[in-house]
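**Q** Here the working numbering is used: the first residue of the sequence shown is 2, the next is one more, and so on. Virtual Cβ for every residue (Gly too), placed ideally from N, Cα, C. Because the structure is a prediction, the values reported are computed rather than measured. Structure incoming, see below.
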Amino acid sequence: MVKKSHRKRKRYIRLIFLSGILLGLLLVFAGNKAVVKTSTNEFCAACHVHPQATQTWKRSTHVDNQRGVLVNCVDCHLPPKGDGYLAEKTKTGIRDVWGKITKDVESLNWEAKSHPDYAQGHVFESSCIHCHQNNFPMGLSPEGKEAHLYYEQKASEIHCINCHISVGHYDPDKIHAKNVDFGKDDTKDEDVYTEPGIMDGFADFTEYIPDTRVSFEMVAVPGGTFTLGSPEDELYRNPDEGPVRKVTISGFLMAKTEVSWDEYLAFYTKTASPGRTSDAYLDLDDRDPDAISGPTPPWGDPGQGWGKGDRPAITMTHHAAEVYCEWLSQKTGRKYRLPTEAEWEYAARGGTSGPYFFDGDQKKYNEERFLNKIFGTDTTAINSHIIYKTNSTGITGTADAIKENPFGLVNMLGNVSEFCQDWYDYNAYAAYPETGVTDPAGPAEGTEHVIRGGSFRS
């Protein structure tokens, strides 16, 4: 009797064990089917309905190519299988379902979400490398070799889509090819200024760039003393923003707005010439004023397709900015240069001493604060003085979109970050004497220059 009962228990255990194996196999099979089904392009397109996503993908080189290779949505937007694929797919799925349920598609800023900085969070570098394992294939141009060599040297800092942003979704304004018509100028002689602006003492004036149709406003910034840097108890302070130092600044002139595309392209069209070599380091007396740097046509559209005109000139190097100032100095007979960091901060503060040159509570402007996410915040004041993430719609703005600061300057704190002439040093402020300093110019040497101000994405 005991042995019979024992045999029944064994059969029961075997039945449970076999049933578990069968159930496990069914779950694996069903799970794999679900993974495959939810990884199709059609399934992705059911939720991702942002404008022309499918159409731009079909026109991209990931679909429309000579080899007939088809790169699917998950090939870029998820890591390779075995490299965290299922974990990322689960996380992405939860996020997308939540967004589908809670968000208004019409209110989303697709322009901002197409920017490389945002796209890097949704395109996996490991996926790019999984397919593109040879960075130096036969037929690669010299420019391409230089670019890929730079990438390999800076692989931890840059992403493939910093240059190849349009390979997955075609954008005619971001084609990875030389823009041979960039800066083309049809200006006639009778349309141009023949003399620079008239400066009558230390006062605001309008500058005219000779041989161009371009002018811009210069503002006389009065000298004074201010506190450079941010006190330790100031909200959102970065460690390199101190210690604070008393700084005296002599009066100087500064452009009312950021250098516009109109201004920079005046320089470009007068100095660019096919085949001309750079002579930027020659003595000024040994070269023609309009042959100062010989820039070559850029790759793609440096204006990002947002328009040029009076929008701020962007994407050039610090050296290009300095050479522009050098050219402008020769054309006008006046000394133009980048501001020192101390001059920049003094001008940005506009004679005030708080975190902003206008009234407002820093906490209320921070959209990342938990309470602000729930209850919202009144950004009327900051929106009227700064172009930043909340009000920029993902692109740069023009100077007429916001109000001036107390010195009469526009867009010092936002829109695009700005070059200063100083070398950057984490401890630069500490090197100034505690008793104060007059017209500091920063460290004597360094490896990179100071960049100040926020931007339309910050």
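In angstroms with no decimal places, state the Cα-to-Cα distance between R370 and D362.
**A** Approximately 13 Å, taken between the alpha carbons.
**Q** Using the three-state DSSP reduction, which class does Q363 fall into: helix, strand or coil?
**A** DSSP places Q363 in helix when its eight states are reduced to three.
**Q** Specify whether the segment 85 to 103 and the segment 129 to 146 touch according to this definition: at least 3 beta carbon pairs, one from each stretch, less than 8 Å apart.
**A** No: fewer than three Cβ pairs fall under 8 Å.
**Q** With E89 as the anchor, note down where its beta strand (DSSP E) starts and where it stops.
**A** Note, E89: premise wrong, no beta strand (DSSP E); alpha helix (DSSP H) at Y86 to T103.
**Q** Using alpha carbons as the reference points, say which of D76, V106 and P117 lies closest to C129.
**A** Considering only alpha carbons, the answer is D76.
**Q** In whole angstroms, what is the alpha-carbon distance linking R288 and Y171?
**A** In this prediction, R288 scores a pLDDT of 44, lower than 50, which makes its location untrustworthy; the coordinate-derived value is nonetheless stated afterwards. Taking the straight line from one Cα to the other gives about 42 Å.
**Q** Mind the definition here: the segment 394 to 404 touches the segment 307 to 321 only if three or more C-beta pairs lie below 8 Å; say whether that holds.
**A** A contact exists between the segment 394 to 404 and the segment 307 to 321.
**Q** For H386, which residues does DSSP report across the bridge?
**A** Per DSSP, none; premise fails for H386.
**Q** Which class does W58 belong to by DSSP, given the choice of helix, strand or coil?
**A** Correct three-state label for W58: helix.
**Q** How would you write the range of the alpha helix (DSSP H) that A209 sits in, first residue to last?
**A** Reading off the sequence, residue 209 comes out as Tyr, not Ala. Premise fails: Y209 lies in the beta strand (DSSP E), F206 to Y209, not in any alpha helix (DSSP H).
**Q** Just to confirm the assignment, what range does the beta strand (DSSP E) spanning D241 have?
**A** Run containing D241: none; DSSP gives neither H nor E here.
**Q** Identify which residue in Y325, T381 and N412 has its Cα closest to the Cα of A349.
**A** The shortest Cα separation from A349 among Y325, T381 and N412 belongs to N412.
**Q** Please report the straight-line C-alpha distance between W262 and M255, rounded to a whole angstrom.
**A** One C-alpha to the other measures close to 17 Å.
**Q** Return no unless some Cβ of chain B is closer than 8 Å to the Cβ of S128.
**A** The chain labelled as chain B is not found in the depicted structure, where only one protein chain is given.
**Q** Can you grab the Cα-Cα spacing for the pair H319 / T195, in whole Å?
**A** Near 29 Å, if we compare the C-alpha coordinates of T195 and H319.
**Q** Whose C-beta lies closer than 7 Å to the C-beta of G21 among residues of the same chain, with five residues either side of it excluded?
**A** Excluding positions up to five away in sequence, the list is empty.
**Q** Rounding to the nearest angstrom, what Cα-Cα distance links G454 and P356 in this structure?
**A** So the alpha carbons of these two residues sit roughly 12 Å apart.
**Q** Relative to the C-alpha of I250, which candidate in Y237, Y325 and A442 has its C-alpha closest?
**A** Nearest C-alpha to I250: A442.
**Q** Report the three-state DSSP secondary structure of A221 (helix, strand or coil).
**A** Strand at A221.
**Q** Using only the alpha-carbon positions, how far apart do P244 and G202 sit?
**A** Roughly 36 Å separates the two Cα atoms.
**Q** Taking just the CA atoms, how far does T272 sit from L329?
**A** Straight-line Cα distance between these residues: approximately 11 Å.
**Q** Which first and last residues belong to the beta strand (DSSP E) in which F420 is found?
**A** From DSSP, the beta strand (DSSP E) with F420 extends over E419 to W424.
**Q** On the DSSP bridge assignment, give the partners of P313 in chain order.
**A** According to DSSP, which records beta bridges pairwise, P313 is partnered with S261.
**Q** Determine the extent of the alpha helix (DSSP H) in which F44 is found, giving its start and end residues.
**A** N42 to C48 is the span of the alpha helix (DSSP H), which, as asked, contains F44.
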